Amino acid sequence: MPRWVDEGWIILKESVSGYINDNALSHGAAMAFYATTSLAPILLIVVAIAGFVIGNDAAQLALTAEISGVMGPQSADLLKATLETASHGWSSALATL
Numbered sequence: 084m085p086r087w088v089d090e091g092w093i094i095l096k097e098s099v100s101g102y103i104n105d106n107a108l109s110h111g112a113a114m115a116f117y118a119t120t121s122l123a124p125i126l127l128i129v130v131a132i133a134g135f136v137i138g139n140d141a142a143q144l145a146l147t148a149e150i151s152g153v154m155g156p157q158s159a160d161l162l163k164a165t166l167e168t169a170s171h172g173w174s175s176a177l178a179t180l
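Numbered per our numbering, the sequence shown finishes at 180, counting up by one with no gaps.
Structure below.
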């Protein structure tokens, strides 16, 4: 076999071995989980800050339009419903204070 094939095989074998030994699948799953669970609070903070500048409805509309372009209209509808529910809950929580 040519030398480059042997070297390529060694590199591939060491890469897969390192991937398994470093628990890359578990680390990747953990990163995906934390990214997913932290997305909603971050979006609420972004909408709240943007709501002070351009108004709450305009901020929600702009965010849902961007999400619709990236993730599709169904995701945007889900986000819109979540933001509306959260914003009502947030204002009533502030009203009780």
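Idealized CB from N, CA, C, for every residue including glycine. None of the values given here were measured: they were computed from a predicted structure.
Could you check which residue in Met84, Pro85, Leu166 has the C-alpha nearest to that of leucine 126? For the set Met84, Pro85, Leu166, the Cα lying nearest the Cα of leucine 126 is the one of Leu166.
Assuming leucine 108 and valine 129 are in contact, meaning their beta carbons sit under 8 Å apart, how far apart are those beta carbons, in whole angstroms? Incorrect: roughly 31 Å between the Cβ atoms, too far for contact.
Within its chain, find whatever has a CB closer than 8 Å to the CB of tryptophan 87; leave out the 5 residues flanking it on each side and keep chain order. Contacts found: none.
So, for valine 158: in the same chain, excluding its five sequence neighbours on each side, which residues have a beta-carbon less than 8 Å away from its beta-carbon? Here residue 158 turns out to be serine, not valine, going by the sequence shown. Result list for serine 158: Ile150, Ser151, in chain order.
Where tyrosine 102 and alanine 115 are concerned, what is the direct C-alpha to C-alpha distance, given to the nearest angstrom? The straight-line gap from Cα to Cα measures roughly 17 Å.
Where do the ends of the alpha helix (DSSP H) carrying proline 85 lie? Neither: proline 85 is in no alpha helix (DSSP H) and is coded neither H nor E.
From which residue to which residue does the alpha helix (DSSP H) around asparagine 139 run? Looking at the DSSP string, the run of the alpha helix (DSSP H) that includes asparagine 139 is 139–154.
Close Cβ partners of glutamine 143 (< 7 Å) along its chain, the five nearest in sequence each way excluded: Closer than 7 Å at Cβ, skipping near neighbours: Val130, Lys163, Leu166.
Three-way DSSP call (helix, strand, coil) for aspartate 105 in this model: Note: aspartate 105 maps to coil in three-state DSSP.
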